[in-house]
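A short worksheet on the structure shown next.
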Amino acid sequence: MKLDAVDAVVIGSGAGGGVVAKELATAGLRVALLERGRLQKYSETGHDELRSQRTTVLGNAFGPDDERHVRLIQVGDDKELRETLPSEGSYGNVAACVGGGTFSFGAMAWRFLEKDFRMRSTYGAPDGSTLEDWPVTYEDLEPFYTKAEWEIGVSGKAGANPFEPRRSKPYPMPALPYSKEGTVLRAAAERLKWHPFPIPMLINSVAYQGRPGCIRCPHCVGFACEVNAKNSTAVTVIAQAVKTGLCDLRTECVAKEILTDAQGRATGVAYFKGRELMEQPCRFVVVSASATESPRLLLNSKSRLHPKGLGNNHDWVGRNLQGHAYSGAYGLFRQEVFDGLGPAASIAVCDFNHGNAGLKGGAMMANEFIRLPYLFARSVRPPGAPRWGLGHKQFQRQQYKRCAGIKGPVQEMPVFTNRVEVDERRKDYWGIPVAKITGKRHPHDIEAGRFIADRAAEWLKEAGAETVWKTVAGKGSTGGQHQAGTCRMGVDAKTSVVDRYCRVHETDNVYVVDGSVHVTNGGFNPSLTILATAYWASHHMVKQQGKVKA
Amino acid sequence: MALPAASALAAAGYQVLSAGEAEILITLIDAIVPADQDPGAKEAGVVHFIDQQLAGAHKRFVGRYRTELPKLDAACRAATGKGLAELGLRERTAFLERVDQGEVAGGAFFQLVVDHTMQGFYGAPKHGGNRDGVSWRMMGIEKMMGRHGGHA
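Sequence lines, in order, name chains A and B.
Here the first sequence is numbered in our numbering, starting from 194 and rising by one per residue.
Here the second sequence is numbered in our numbering, starting from 14 and rising by one per residue.
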């Protein structure tokens, strides 16, 4: 069915698409916001560990479903290409619901540092990596980081992190208090002459914009917020966009392809509502479907002028898939360090993001979110500890409240052959070719992971942990919930997909606005940077596209 | 050691498992999280969790349970002269350690049962296991989980 034209179709209602939809609608443009998932409420999922975004063993609470979605994967030392389902870790799921990942995320709200935008200039690219600078600087994005912090809502303590560059405004809300574990770790970090500070969070520490402050419930990361204190795009910008009357939020709509004319410009989007194929004409298209689904859509949008997919004449779409090489350590203490209060992750240091001898980049390090009982049983054990039997049970009983974990999202070196492709032979429920993910982490990521794990162990020992063990990222699957890099932003159309305003080089009315455009992914959780980049891109999009009405 | 009789299990009403399969499965989960001063997986009703999930989220594993449970019991008989249900906890654990270490076939299936047992023992009671939140009480987090933990 062919629909009446709108100004813009935004595909995906996560961090990127949510912001763009609101910015366009408040600028007076008519927007169709497509979301393959549903608009969810807390009451649908509650606090069920086995169906959370962290533990999907009984299914994905926040979509997509296993029945209609599949990917192909061959990563690390895998010998064969195999199918993977959304509820399996290897799928690299970021959720599919209104708000996308932000609806159930941990909500850390990091600004990347100046050097994170200038990785190649700072360090030089290692062999086997396409390491490059962003075509925008921290200073370019600073006003948009500030806008994200105030419009979406971040609690934090400005000036507490001595490594943070200049900021034009403080945070709109005070930081959440340190957890018991945070208090123990703070004293230890200070003894080590490091610089600990409270983690900035996209969570209301006090009532803000008509929604309440955090009630410190332990079911935070991986869950919808019971009181709407977690600042997803669903409860902030998307709600505002819909309120303008100009943004039509269309849920359970699965984009098939971007339609183009004889000149190669986009004319609209074909998508499935249920099994019905819809055609939505528009003046421009914004792809915000995640670093796996955005390149998949571009690659599936083939035409005479785009035989290898839209924006892909130079074969860069889907390349440089990144995530984070999470590494760290766990420690067992003589005394209890657990207070059961969420979000639990409360303290961080940025002493090891840069300037580490022999390494390119590094990671922010923070104490971990609460590990609920099943995840603790399956993932928190020193090497050689019994995984079942009486030994397992005794550990669970005695150590749960005496255990602390520290981890860092180690910045990865982009690799050209770590990629998302589409497989024409394997199609999904709607007949759309599925994403195929292949590749292997750069050896430098493992080296940096070992360094960060050593620092985490050092921190825990200083804090008094008696048994400490390290966890270092493996060489396999990258991407995951922090997936990024697959539609690189750049100046040269031959070696990138979008320009510095997120516009596809080859098609001037198609934009990509999500983690895909990240040239490098920082040593930080990426959501605030996706939000800020979306404000930045929207600002220029309104200038570029806002004048002519459809 | 007292395992429930097959007739009692059948009366408990399984959706997927036969009484015989349930009886073997209980011998496994009982060794995976045994009772000590706190109840174990058997007392927490984990067999019902697994049965319930085999009819739902874990239905893709039904075939493996069907073929592997009797195989593991037969392997036990071959190795020890007795079926799993005839062995005491100590002997059963010793046999399962050999399975886990790859000395006896069935390690991958046993690992699957370990994982499902952990899900049932530590997950929300509404899924059929962790009866009365026994594992949360054992860990001293029943208030934290009870307030927020989805008995609902």
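Note that the Cβ used here is the ideal one computed from N, Cα and C, for glycine as well.
In terms of beta-carbon proximity, G375(A) stays away from the interface with chain B, with every pair separated by 8 Å or more. Distances from the alpha-carbon of V377(A) to those of A597(A), G672(A), L324(A) put A597(A) closest. Its Cα nearest to that of P602(A), the residue D638(A) stands out among G269(A), D638(A), R313(A), Y622(A). Listed in chain order, the non-local C-beta contacts of Q674(A) below 7 Å within the same chain comprise V287, G294, local neighbours out to five positions each way being set aside. Measuring C-alpha to C-alpha distances from E81(B) to each of K55(B), A48(B), V117(B), G94(B) identifies V117(B) as the nearest. Within the segment 260 to 287 of chain A, no residue places its CB atom closer than 7 Å to a CB of chain B. When the five nearest sequence neighbours on each side are left out, the beta carbons in the same chain lying within less than 8 Å of the beta carbon of L568(A) are those of E242, R247, T248, in order along the chain.
Residue range 264 to 268 is occupied by the beta strand (DSSP E) that includes Q267(A).
Within the segment 76 to 104 of chain B, no residue has a Cβ lying closer than 7 Å to any Cβ of chain A.
Within the model, the alpha-carbon separation for F356(A) versus L385(A) is close to 16 Å. The residue among R261(A), R244(A), G209(A) with its C-alpha nearest the C-alpha of F465(A) is R261(A). P328(A): not part of any alpha helix (DSSP H); DSSP gives it neither H nor E. Taken atom to atom, the span from the alpha-carbon of L226(A) to that of A482(A) is near 11 Å. In this structure, E228(A) lies near R443(A), with their beta-carbon atoms less than 8 Å apart. With respect to chain B, the C-beta atom of R527(A) has no partner C-beta closer than 8 Å. Proximity of K594(A) to chain B, defined by a Cβ-Cβ separation below 8 Å, is satisfied.
Counting only the Cα atoms, V202(A) lies some 24 Å from P719(A).
Shown here, T248(A) sits in coil according to DSSP, grouped into three states, outside any helix or strand. Y401(A) is bridged by DSSP to R404(A). Shown here, V510(A) sits in coil according to DSSP, grouped into three states, outside any helix or strand. Within the segment 237 to 251 of chain A, the residues whose Cβ lies closer than 8 Å to some Cβ of chain B are G239, H240, D241, E242, L243, V250, L251, listed in chain order. Distance from the CA atom of A208(A) to the CA atom of G292(A), rounded to whole angstroms, is 7 Å. For G146(B), the secondary structure class from DSSP, reduced to helix, strand or coil, is helix. Residues of chain A with a Cβ closer than 9 Å to the Cβ of V60(B) do not exist; the shortest Cβ-Cβ separation is about 16 Å. DSSP places M366(A) in no alpha helix (DSSP H); its state is neither H nor E. Counting other Cβ atoms within 10 Å of its Cβ, D270(A) stays below 16 and is therefore classed as exposed. The continuous beta strand (DSSP E) containing T277(A) extends over residues 275 to 277. Of all residues in the segment 30 to 55 of chain B, the ones placed with a Cβ closer than 8 Å to any Cβ belonging to chain A are A44, I45, V46, P47, D49, D51, G53, in chain order. Looking only at T660(A), D707(A), A417(A), the smallest Cα-Cα distance to R574(A) is reached by T660(A). Within the same chain, and ignoring the five residues on either side of T429(A) in sequence, the residues whose Cβ sits closer than 6 Å to its Cβ are I345. A direct Cα-Cα distance of roughly 10 Å separates A730(A) from V479(A). When Cβ-Cβ separations below 8 Å define contact, Q233(A) makes no contact with chain B.
With 16 or more neighbouring CB atoms inside 10 Å of its own CB, K55(B) falls in the buried class. Assignment of T219(A) by DSSP, reduced to helix, strand and coil, places it in the helix class.
Around the beta carbon of L278(A), 16 or more other beta carbons lie within 10 angstroms, which makes this residue buried. Counting along the chain, the unbroken alpha helix (DSSP H) around G133(B) starts and ends at 120 to 135.
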